[in-house]
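Take the position in the sequence shown, starting the count at 1, then add 38; the result is the number in the working numbering. Note that beta-carbon positions come from the ideal geometry of N, C-alpha and C, so glycine has one too. Quantities reported herein were computed from a predicted structural model and do not represent experimental measurements. Accompanying notes for the structure given below.
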Amino acid sequence: MQLLPVDGFVSHHTAARLLGGVVPHDENLHASVPAHRNRSRKLGLQVHRSTRTPVTFDGVRTTSPTATFIDLAGVLGLVDTVVLGDSLVRKGLASPARLVRAAASAPDRLRTRAVRAAALVRARVDSPMETRTRLLLLLAGLPEPQIDIEFRDDHGIVLRRVDMGYREARLGIEYDGRHHASVVSQWEGDITRREEFDLRDWRLVTLVAKDIYRTPSATIERVVAAMRSRGMRVPPLRDEWRAHFPGR
(Lines of atoms letter the chains of each structure in order from A; the text may use other names.)
(Lines give C-alpha, C1' and ligand atoms only; values in the text may rest on other atoms or scores of the structure.)
Protein backbone atom coordinates (compact mmCIF):
# COMPACT_ATOMS: atom_id res chain seq x y z
CA MET A 39 0.00 0.00 0.00
CA GLN A 40 3.04 2.30 -0.13
CA LEU A 41 1.96 3.50 -3.58
CA LEU A 42 -1.26 5.01 -2.19
CA PRO A 43 -1.62 8.79 -2.49
CA VAL A 44 -1.66 10.58 0.87
CA ASP A 45 -5.41 11.23 0.76
CA GLY A 46 -6.18 8.13 -1.28
CA PHE A 47 -7.84 4.85 -0.42
CA VAL A 48 -7.96 1.47 -2.09
CA SER A 49 -10.88 0.79 -4.37
CA HIS A 50 -12.14 -1.43 -7.18
CA HIS A 51 -10.27 -4.78 -7.53
CA THR A 52 -7.85 -4.00 -4.70
CA ALA A 53 -10.66 -3.14 -2.31
CA ALA A 54 -12.55 -6.29 -3.25
CA ARG A 55 -9.54 -8.49 -2.52
CA LEU A 56 -8.88 -6.67 0.77
CA LEU A 57 -12.47 -7.36 1.81
CA GLY A 58 -12.21 -11.02 0.88
CA GLY A 59 -14.36 -10.71 -2.23
CA VAL A 60 -13.80 -12.76 -5.37
CA VAL A 61 -12.74 -10.80 -8.47
CA PRO A 62 -10.72 -11.58 -11.61
CA HIS A 63 -6.98 -11.15 -11.29
CA ASP A 64 -5.66 -7.62 -11.83
CA GLU A 65 -1.99 -6.80 -11.29
CA ASN A 66 -2.52 -3.10 -10.61
CA LEU A 67 -3.11 -1.51 -7.24
CA HIS A 68 -6.38 0.37 -7.58
CA ALA A 69 -6.84 3.51 -5.50
CA SER A 70 -9.24 6.43 -5.47
CA VAL A 71 -8.64 10.08 -4.60
CA PRO A 72 -11.07 12.95 -3.96
CA ALA A 73 -12.76 14.15 -7.13
CA HIS A 74 -10.93 17.49 -7.12
CA ARG A 75 -7.49 15.85 -7.08
CA ASN A 76 -5.37 15.14 -10.12
CA ARG A 77 -4.76 11.46 -10.70
CA SER A 78 -1.07 10.67 -10.25
CA ARG A 79 0.50 8.12 -12.57
CA LYS A 80 2.80 5.42 -11.26
CA LEU A 81 3.74 2.03 -12.62
CA GLY A 82 1.43 -0.57 -11.09
CA LEU A 83 -0.98 2.04 -9.70
CA GLN A 84 -4.33 2.87 -11.26
CA VAL A 85 -5.94 5.93 -9.68
CA HIS A 86 -9.63 6.79 -9.93
CA ARG A 87 -11.44 9.96 -8.90
CA SER A 88 -14.21 9.42 -6.37
CA THR A 89 -16.68 11.30 -4.19
CA ARG A 90 -16.99 8.32 -1.84
CA THR A 91 -16.20 8.44 1.86
CA PRO A 92 -13.80 5.61 2.68
CA VAL A 93 -14.04 3.20 5.59
CA THR A 94 -11.22 1.43 7.42
CA PHE A 95 -10.89 -2.33 7.07
CA ASP A 96 -8.00 -4.21 8.68
CA GLY A 97 -6.26 -0.89 9.16
CA VAL A 98 -6.52 0.11 5.49
CA ARG A 99 -8.63 2.94 4.07
CA THR A 100 -10.92 1.46 1.46
CA THR A 101 -14.27 1.79 -0.23
CA SER A 102 -17.08 0.06 1.66
CA PRO A 103 -18.29 -3.37 0.53
CA THR A 104 -21.39 -1.93 -1.14
CA ALA A 105 -19.42 0.89 -2.80
CA THR A 106 -16.85 -1.61 -4.04
CA PHE A 107 -19.61 -3.71 -5.58
CA ILE A 108 -21.14 -0.68 -7.31
CA ASP A 109 -17.78 0.56 -8.63
CA LEU A 110 -16.89 -2.83 -10.06
CA ALA A 111 -20.31 -3.26 -11.65
CA GLY A 112 -19.13 -0.64 -14.11
CA VAL A 113 -15.93 -2.55 -14.87
CA LEU A 114 -16.68 -6.27 -14.64
CA GLY A 115 -19.08 -8.35 -16.68
CA LEU A 116 -22.42 -9.40 -15.23
CA VAL A 117 -21.30 -12.85 -14.06
CA ASP A 118 -18.13 -11.64 -12.35
CA THR A 119 -20.08 -8.85 -10.63
CA VAL A 120 -22.61 -11.32 -9.24
CA VAL A 121 -19.76 -13.61 -8.15
CA LEU A 122 -18.34 -10.65 -6.23
CA GLY A 123 -21.71 -9.87 -4.67
CA ASP A 124 -22.29 -13.46 -3.59
CA SER A 125 -18.80 -13.59 -2.06
CA LEU A 126 -19.34 -10.36 -0.08
CA VAL A 127 -22.62 -11.74 1.23
CA ARG A 128 -20.89 -15.01 2.13
CA LYS A 129 -18.32 -13.00 4.12
CA GLY A 130 -21.11 -11.24 6.03
CA LEU A 131 -20.09 -7.85 4.62
CA ALA A 132 -23.29 -7.21 2.69
CA SER A 133 -26.74 -8.61 2.09
CA PRO A 134 -28.61 -8.98 -1.20
CA ALA A 135 -31.14 -6.38 -0.06
CA ARG A 136 -28.42 -3.89 0.88
CA LEU A 137 -26.75 -4.28 -2.50
CA VAL A 138 -30.09 -3.77 -4.26
CA ARG A 139 -30.68 -0.54 -2.32
CA ALA A 140 -27.17 0.70 -3.04
CA ALA A 141 -27.50 -0.10 -6.73
CA ALA A 142 -30.78 1.82 -6.97
CA SER A 143 -29.02 4.99 -5.81
CA ALA A 144 -25.80 4.44 -7.77
CA PRO A 145 -24.48 7.15 -10.11
CA ASP A 146 -26.19 7.22 -13.50
CA ARG A 147 -23.21 5.73 -15.34
CA LEU A 148 -23.18 2.69 -13.04
CA ARG A 149 -26.83 2.25 -12.12
CA THR A 150 -28.15 0.05 -14.91
CA ARG A 151 -25.40 -2.55 -14.61
CA ALA A 152 -25.35 -2.41 -10.80
CA VAL A 153 -29.12 -2.86 -10.54
CA ARG A 154 -29.07 -5.88 -12.86
CA ALA A 155 -26.21 -7.56 -10.99
CA ALA A 156 -27.53 -6.78 -7.50
CA ALA A 157 -30.88 -8.35 -8.36
CA LEU A 158 -29.08 -11.64 -9.01
CA VAL A 159 -27.02 -11.76 -5.80
CA ARG A 160 -28.11 -14.45 -3.35
CA ALA A 161 -27.26 -15.55 0.18
CA ARG A 162 -25.89 -18.97 1.17
CA VAL A 163 -23.88 -19.49 -2.02
CA ASP A 164 -20.76 -21.45 -1.09
CA SER A 165 -18.47 -20.83 -4.05
CA PRO A 166 -17.94 -18.76 -7.20
CA MET A 167 -18.58 -21.81 -9.38
CA GLU A 168 -21.97 -22.30 -7.75
CA THR A 169 -22.76 -18.70 -8.68
CA ARG A 170 -21.70 -19.35 -12.28
CA THR A 171 -23.76 -22.54 -12.43
CA ARG A 172 -26.87 -20.74 -11.21
CA LEU A 173 -26.37 -17.85 -13.62
CA LEU A 174 -25.89 -20.17 -16.58
CA LEU A 175 -29.30 -21.67 -15.87
CA LEU A 176 -30.99 -18.33 -15.23
CA LEU A 177 -29.57 -16.63 -18.32
CA ALA A 178 -30.76 -19.61 -20.36
CA GLY A 179 -34.30 -18.86 -19.18
CA LEU A 180 -34.65 -21.80 -16.77
CA PRO A 181 -36.42 -21.41 -13.41
CA GLU A 182 -34.20 -20.16 -10.61
CA PRO A 183 -33.09 -23.06 -8.43
CA GLN A 184 -33.39 -22.93 -4.66
CA ILE A 185 -29.97 -22.50 -3.06
CA ASP A 186 -28.50 -24.73 -0.36
CA ILE A 187 -31.33 -27.23 0.02
CA GLU A 188 -31.20 -28.89 3.43
CA PHE A 189 -32.38 -32.32 4.50
CA ARG A 190 -33.15 -32.58 8.21
CA ASP A 191 -34.07 -35.40 10.56
CA ASP A 192 -37.07 -35.42 12.88
CA HIS A 193 -35.10 -33.34 15.40
CA GLY A 194 -34.24 -30.61 12.90
CA ILE A 195 -30.60 -31.65 12.54
CA VAL A 196 -29.20 -31.12 9.04
CA LEU A 197 -28.21 -34.46 7.54
CA ARG A 198 -27.40 -33.54 3.95
CA ARG A 199 -27.26 -30.51 1.67
CA VAL A 200 -27.53 -29.95 -2.07
CA ASP A 201 -25.94 -26.89 -3.67
CA MET A 202 -29.11 -25.95 -5.52
CA GLY A 203 -32.14 -27.54 -7.07
CA TYR A 204 -35.89 -27.87 -7.26
CA ARG A 205 -37.23 -29.45 -4.10
CA GLU A 206 -40.75 -30.20 -5.33
CA ALA A 207 -39.36 -32.03 -8.35
CA ARG A 208 -36.68 -33.74 -6.25
CA LEU A 209 -33.99 -32.55 -8.62
CA GLY A 210 -30.62 -31.40 -7.29
CA ILE A 211 -27.78 -29.67 -9.13
CA GLU A 212 -24.28 -29.72 -7.69
CA TYR A 213 -20.92 -28.33 -8.66
CA ASP A 214 -18.05 -30.65 -7.74
CA GLY A 215 -14.56 -29.18 -7.55
CA ARG A 216 -11.51 -31.09 -8.71
CA HIS A 217 -10.59 -32.04 -5.12
CA HIS A 218 -13.63 -34.30 -4.85
CA ALA A 219 -12.06 -36.85 -7.16
CA SER A 220 -8.57 -36.51 -5.76
CA VAL A 221 -9.40 -37.23 -2.11
CA VAL A 222 -10.33 -40.87 -1.57
CA SER A 223 -12.38 -40.24 1.57
CA GLN A 224 -14.38 -37.54 -0.22
CA TRP A 225 -14.96 -39.83 -3.19
CA GLU A 226 -16.13 -42.68 -0.95
CA GLY A 227 -18.42 -40.30 0.93
CA ASP A 228 -19.91 -39.07 -2.34
CA ILE A 229 -20.82 -42.63 -3.30
CA THR A 230 -22.68 -43.16 -0.02
CA ARG A 231 -24.31 -39.77 -0.33
CA ARG A 232 -25.55 -40.47 -3.86
CA GLU A 233 -27.05 -43.77 -2.72
CA GLU A 234 -28.92 -41.92 0.04
CA PHE A 235 -30.39 -39.51 -2.50
CA ASP A 236 -31.39 -42.44 -4.71
CA LEU A 237 -33.33 -43.86 -1.76
CA ARG A 238 -35.10 -40.50 -1.37
CA ASP A 239 -35.99 -40.61 -5.08
CA TRP A 240 -33.87 -37.54 -5.80
CA ARG A 241 -32.03 -37.10 -9.07
CA LEU A 242 -28.69 -35.28 -8.92
CA VAL A 243 -27.02 -33.53 -11.85
CA THR A 244 -23.32 -33.17 -11.03
CA LEU A 245 -21.28 -30.54 -12.85
CA VAL A 246 -17.54 -29.89 -13.05
CA ALA A 247 -15.49 -26.97 -14.37
CA LYS A 248 -15.56 -28.00 -18.04
CA ASP A 249 -19.36 -28.12 -17.97
CA ILE A 250 -19.44 -24.40 -17.22
CA TYR A 251 -16.38 -23.13 -19.10
CA ARG A 252 -16.14 -25.45 -22.10
CA THR A 253 -19.53 -27.03 -22.80
CA PRO A 254 -22.24 -24.74 -21.39
CA SER A 255 -24.70 -25.61 -24.18
CA ALA A 256 -24.48 -29.32 -23.38
CA THR A 257 -24.85 -28.51 -19.69
CA ILE A 258 -28.09 -26.64 -20.30
CA GLU A 259 -29.34 -29.61 -22.34
CA ARG A 260 -28.48 -31.98 -19.47
CA VAL A 261 -30.38 -29.90 -16.95
CA VAL A 262 -33.36 -29.52 -19.29
CA ALA A 263 -33.46 -33.30 -19.81
CA ALA A 264 -33.30 -33.85 -16.05
CA MET A 265 -36.14 -31.35 -15.51
CA ARG A 266 -38.34 -33.10 -18.03
CA SER A 267 -37.55 -36.49 -16.50
CA ARG A 268 -38.90 -35.13 -13.20
CA GLY A 269 -42.08 -33.80 -14.77
CA MET A 270 -41.07 -30.14 -14.68
CA ARG A 271 -42.35 -27.67 -17.25
CA VAL A 272 -39.43 -26.21 -19.17
CA PRO A 273 -40.01 -22.64 -20.41
CA PRO A 274 -38.76 -21.41 -23.79
CA LEU A 275 -34.99 -21.06 -23.62
CA ARG A 276 -33.18 -17.76 -24.09
CA ASP A 277 -29.81 -17.09 -25.70
CA GLU A 278 -28.55 -14.46 -23.22
CA TRP A 279 -26.23 -17.01 -21.62
CA ARG A 280 -24.12 -17.15 -24.80
CA ALA A 281 -22.70 -13.68 -24.21
CA HIS A 282 -21.46 -14.68 -20.75
CA PHE A 283 -20.56 -18.36 -21.22
CA PRO A 284 -19.01 -18.64 -24.70
CA GLY A 285 -17.56 -22.12 -24.18
CA ARG A 286 -14.69 -23.50 -26.26
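Helix, strand or coil, according to DSSP, for residue i in the structure here?
| i | result |
| --- | --- |
| Asp64 | coil |
| His193 | coil |
| Asp201 | strand |
| Phe47 | strand |
| Ala53 | helix |
With distances taken Cα to Cα, identify the nearest neighbour of residue i among the options.
| i | options | result |
| --- | --- | --- |
| Leu176 | Ala156, Ile258 and Gly59 | Ile258 |
| Val85 | Pro284, Val117 and Val44 | Val44 |
| Arg160 | Val117, Leu148, Ile195 and Leu56 | Val117 |
| Arg162 | Arg232, Gly123, Thr150 and Glu65 | Gly123 |
| Ile250 | Arg280, Ala53, Leu67 and Ala69 | Arg280 |
Can you list, in chain order, the residues of its chain with a C-beta nearer than 8 Å to that of residue i? Leave out the 5 residues immediately preceding and following it.
| i | result |
| --- | --- |
| Glu182 | Arg172, Leu175 and Leu176 |
Name the two residues that bound the continuous beta strand (DSSP E) containing residue i.
| i | result |
| --- | --- |
| Glu188 | Gln184 to Arg190 |
| Phe95 | Val93 to Phe95 |
| Thr100 | Val98 to Thr100 |
| Arg87 | Leu83 to Ser88 |
| Glu278 | Per DSSP, Glu278 belongs to no beta strand (DSSP E) and is neither H nor E. |
| Leu137 | Per DSSP, Leu137 belongs to no beta strand (DSSP E); it is in the alpha helix (DSSP H), Pro134 to Ala142. |
What is the residue span of the alpha helix (DSSP H) that residue i lies within?
| i | result |
| --- | --- |
| Leu148 | Asp146 to Ala156 |
| Thr119 | Leu116 to Arg128 |
| Thr169 | Pro166 to Leu177 |
To which residues of the same chain is residue i closer than 7 Å at the C-beta, ignoring the five residues directly before and after it?
| i | result |
| --- | --- |
| Pro274 | Gly179 |
| Ile108 | Ala140, Ala141, Ala144, Leu148 and Ala152 |
| Pro92 | Phe47, Arg99, Thr100 and Thr101 |
Apart from the five residues just before and just after residue i, which ones in its own chain have a Cβ nearer than 6 Å to its Cβ?
| i | result |
| --- | --- |
| Arg190 | Val196 |
| Ser88 | Ser70 |
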